[in-house]
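Participant: The structure follows.
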Amino acid sequence: MTNCSDNRKTILIVFDSAANLELLERVLRNEFRVIEAKSGREAMHKLCSSAPVSMIIFDVSKSNHDDFITLKAMRRENLLCRIPAIVVKERNDIEGQIMALDCGAEDVFSRPFDSRMVLHRVRNIIERRETAKKIEKVSLYEQLLKQQDKFLQAARIDQKTGIYNRRAFCRRVSTMLRENPDREYVIFHWDIDRFKVFNDVYGIAAGDAFLAAVGEIYRSIQDDSFAYGYCGADDFVNCVERSMFDPEKVLYVITKLISTIHSEFGFVARLGAYVVDDPSLDVELMCDRAKIALRSTKNGYTKPYAYYEDTMRAKLIEEQEIIGEMRNALHDGQFTVYFQPQYNHYNGDLYGAEALVRWMHPRKGLISPGKFIPAFERNGFIAELDKYVWDRTCAYIRRWLDSGIDVPPISVNISRCDIYNPKLCDHLVELVMKYNLDPSYLRLEITETVYMENPNQLISLVDRLRENGFFVEMDDFGRGVRTKTWTKKAR
7 MTNCSDNRKT
17 ILIVFDSAAN
27 LELLERVLRN
37 EFRVIEAKSG
47 REAMHKLCSS
57 APVSMIIFDV
67 SKSNHDDFIT
77 LKAMRRENLL
87 CRIPAIVVKE
97 RNDIEGQIMA
107 LDCGAEDVFS
117 RPFDSRMVLH
127 RVRNIIERRE
137 TAKKIEKVSL
147 YEQLLKQQDK
157 FLQAARIDQK
167 TGIYNRRAFC
177 RRVSTMLREN
187 PDREYVIFHW
197 DIDRFKVFND
207 VYGIAAGDAF
217 LAAVGEIYRS
227 IQDDSFAYGY
237 CGADDFVNCV
247 ERSMFDPEKV
257 LYVITKLIST
267 IHSEFGFVAR
277 LGAYVVDDPS
287 LDVELMCDRA
297 KIALRSTKNG
307 YTKPYAYYED
317 TMRAKLIEEQ
327 EIIGEMRNAL
337 HDGQFTVYFQ
347 PQYNHYNGDL
357 YGAEALVRWM
367 HPRKGLISPG
377 KFIPAFERNG
387 FIAELDKYVW
397 DRTCAYIRRW
407 LDSGIDVPPI
417 SVNISRCDIY
427 NPKLCDHLVE
437 LVMKYNLDPS
447 YLRLEITETV
457 YMENPNQLIS
467 LVDRLRENGF
477 FVEMDDFGRG
487 VRTKTWTKKA
497 R
């Protein structure tokens, strides 16, 4: 009966002579547990069904080829990788010794042998194999750790920018707030106006390269009190101590840095901040509030930063409803173009008209342009709406001319998104050709803010438009000085 507390290594001896078996057992049994098999078939059965075997020793006669047959079977089953095999041969049987090694034997013992030498060699072979197994396990463990690190890294780090993703950023900020309860923090989101336009003009690859460059700038910052992350698109999120936060200075630095990455595009950064006044809130919610504040900065031409206020949430919900319905509204003809006449203040003569767009919603009635225009400017849909207004305006002009009506020039808006479209001039030329109109019937109206953002690009565009017969004017909201300066530059 086997002793359950026997911790000795097990050696399997395959034999065809009881005398040889007794000799080997006498050498090994004090240090090892010995089991026997009278054939290669029995040995294979015990290897698969018995307790783990540390070594197998073949001691069979020269005429019995069980050792070679079993060695080959063990090699096929990859058993020799974990169980070393020893073959005992007569000292003068050189061919048998070489064949044993060719079949995969770890070593060959020559008979007659010295019992002390046998014991040392068996012990050394088993120890080497055990050490190799331990090294293999350690190596495998290290590989698993490296693989785990890669998975964890992939779960934390955004592949495009090389910095924390939103989830990892939130975990980092949670730790900062927990470890520094006496400090006051600000979480702020920032992004770039019309980044979608940048992608349209320069390509997605250029946009990705730009974001990667921003990530590289962030990675160069060595400050444990400052956390940052990437939330997709052109949206970056940050957490800093409130005493170190000045939105105007932060925007100045951001604008300066991103302009060095790509100087040809007139980047305008905007920022929304949330002061962490309740550290018990979920950090995800804090980020959402900073994002809501960011969105509020894009209502018209207000200052480029804002702090979160509770009233912003209701406005955001309303805007989401507008955005969700905009494409169907355009497809269903819910947008209507009206024309507001323009009269000379001195003599009352009609000298032009302005094309205005209104949204007649089937359930909500008239939706104010002050609600949907800023939302469309933020997500880029304004470019599609502008094209619709231009087309409808040209269609009306053509209809009036065909009816014999004297039509004055009509002003249409050119939005900020439009001026970054390299095909804008070509589109307008094709449009007036479609309706067989002289370009002078359209007055293209551009806001002064667009000029201030990127004057050189705008002047180049205006020159092209004027060369094609279009009249371009600036809507300066009642201030005439800037218009005169701009008109002189755009010749």
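Going by my numbering, the letters in the sequence shown line up with residues 7 to 497, in that order. Idealized CB from N, CA, C, for every residue including glycine. Since we're looking at a predicted model, the values are computed, not measured.
Consult DSSP for K3 and reduce its assignment to one of helix, strand or coil.
Facilitator: No information on residue 3 is available, as it lies outside the stretch 7 to 497 that the chain covers here.
Participant: Determine the closest residue to I17 out of G221, F64, E331, D444, with distance taken between C-alpha atoms.
Facilitator: The shortest C-alpha separation from I17 is found at F64.
Participant: Mapping DSSP to helix, strand and coil, what is L18?
Facilitator: Reduced to three states, the DSSP call for L18 is strand.
Participant: Can you give me the C-alpha to C-alpha distance between E315 and R384, rounded to a whole angstrom?
Facilitator: If I take the Cα positions, the gap works out to 20 Å.
Participant: Is DSSP giving I100 helix, strand or coil here?
Facilitator: Here I100 sits in helix by DSSP.
Participant: Can you give the Cα-Cα distance for F74 and R32, rounded to whole angstroms?
Facilitator: In a straight line, the C-alpha of F74 is about 25 Å away from that of R32.
Participant: Sorted by chain position, which residues of the same chain lie with C-beta nearer than 8 Å to F119's C-beta, five sequence neighbours on each side aside?
Facilitator: Closer than 8 Å at the Cβ level, and outside the excluded window around F119, lie V94.
Participant: Nearest CA to the CA of K309: which residue from R276, V289, D294?
Facilitator: When only C-alpha atoms are compared, the closest one is R276.
Participant: Just checking my contact of A91 with G110 at CB under 8 Å: how many whole Å lie between their CB atoms?
Facilitator: That belief holds up - the Cβ atoms of A91 and G110 are roughly 7 Å apart, short of 8 Å.
Participant: How long is the line joining the alpha carbons of D97 and V128, rounded to whole angstroms?
Facilitator: In the sequence as displayed, the identity of residue 97 is Arg instead of Asp. Whole-angstrom Cα-Cα distance: 18 Å.
Participant: K304: buried (16+ other C-beta within 10 angstroms of its C-beta) or exposed?
Facilitator: Buried is the call here.
Participant: Along the chain, where does the alpha helix (DSSP H) containing Q228 start, and where does it finish?
Facilitator: Taken as a continuous stretch (DSSP letters only), Q228 belongs to no alpha helix (DSSP H), as it is neither H nor E.
Participant: Ignore the nearest five residues each way along the sequence and tell me which others in T399's own chain have a CB closer than 6 Å to its CB.
Facilitator: A361, I416, V418.
Participant: Since Y236 contacts D283 with CB under 8 Å, what's their CB separation in whole angstroms?
Facilitator: Actually they do not touch by this definition, with Cβ atoms about 26 Å apart.
Participant: Since A43 and A49 are thought to touch, with beta carbons under 8 Å apart, how far apart are those beta carbons, to the nearest angstrom?
Facilitator: About 4 Å separates the two Cβ atoms, so the contact holds.
Participant: Pick helix, strand or coil for R47, following the three-state DSSP scheme.
Facilitator: DSSP places R47 in helix when its eight states are reduced to three.
Participant: Could you have a look at F483 and say whether DSSP puts it in helix, strand or coil?
Facilitator: Any reading at F483 needs caution, since the residue's pLDDT is 39, under 50, leaving its predicted position unreliable; the model's value is listed next. Note: F483 maps to coil in three-state DSSP.
Participant: Give me, in chain order, the residues of the same chain whose beta-carbon lies closer than 6 Å to that of G46; leave out the 5 immediate sequence neighbours on both sides.
Facilitator: Taken in chain order, the residues that qualify are D72, I75, T76.
Participant: For L183, collect the residues of the same chain with a Cβ closer than 6 Å to its Cβ; drop the 5 residues on either side in sequence, then sort them by chain order.
Facilitator: P285, listed in sequence order.
Participant: Would you identify the three-state DSSP class for C245, choosing helix, strand or coil?
Facilitator: If DSSP states are grouped into helix, strand and coil, C245 belongs with the strands.
Participant: Might you give, ordered along the chain, the residues of its own chain that have their beta carbon closer than 6 Å to the beta carbon of V289, omitting 5 neighbours on each side?
Facilitator: Contacts found: C176, V179, S180.
Participant: Suppose you measure from the CA of K68 to the CA of D12; what does that come to, to the nearest Å?
Facilitator: Using only the alpha carbons, I get a separation of about 34 Å.
Participant: First and last residue of the beta strand (DSSP E) that includes A57?
Facilitator: Where A57 is concerned, there is no enclosing beta strand (DSSP E), given that its DSSP letter is neither H nor E.
Participant: If you draw a straight line from the alpha carbon of Y258 to that of S265, how long is it in whole angstroms?
Facilitator: The alpha-carbon atoms of Y258 and S265 are separated by roughly 11 Å.
Participant: What distance in whole Å lies between the Cβ atoms of V281 and V192, which are believed to be in contact at a cut-off of 8 Å?
Facilitator: Indeed they touch by this definition, with Cβ atoms about 6 Å apart.
Participant: Start and end of the alpha helix (DSSP H) containing H433?
Facilitator: H433 -> alpha helix (DSSP H) spans 430-440.
Participant: Quick one: residues in its chain with C-beta nearer than 7 Å to the C-beta of T167, no 5 flanking neighbours on either side, listed in chain order?
Facilitator: So the list reads L217, A218, V220, G221, Y236, once near-sequence residues are dropped.
Participant: Is the beta carbon of F382 sitting closer than 8 Å to the one on W365?
Facilitator: No, these two residues do not count as a Cβ contact at 8 Å.
Participant: Can you name, in chain order, every residue of its own chain whose Cβ lies under 8 Å from the Cβ of D252, other than the five neighbours on each side?
Facilitator: Closer than 8 Å at Cβ, skipping near neighbours: no residue.
Participant: Check Q165 in the structure and name its three-state DSSP category.
Facilitator: In the structure shown, Q165 sits in coil (DSSP, three-state: anything other than H, G, I, E or B).
Participant: Can you tell which of L391, W406, A359 has its C-alpha closest to the C-alpha of L448?
Facilitator: Cα-wise, what sits closest to L448 is A359.
Participant: Kindly indicate which three-state DSSP category N130 falls into: helix, strand or coil?
Facilitator: Here N130 sits in helix by DSSP.
Participant: What residue range is occupied by the uninterrupted beta strand (DSSP E) comprising F115?
Facilitator: Its beta strand (DSSP E) spans residues 113-117.
Participant: For Q346, which beta-bridge partners are listed by DSSP?
Facilitator: Paired residues: E360.
Participant: Out of curiosity, what's the CA-to-CA distance linking G386 and K321?
Facilitator: Rounded to whole angstroms, G386 to K321 spans 19 Å at the Cα level.
Participant: For Q371, which of F477, L430, F341 has the nearest alpha-carbon?
Facilitator: Note on residue identity: the sequence assigns Gly, not Gln, to residue 371. G371 has its Cα closest to that of F341, out of F477, L430, F341.
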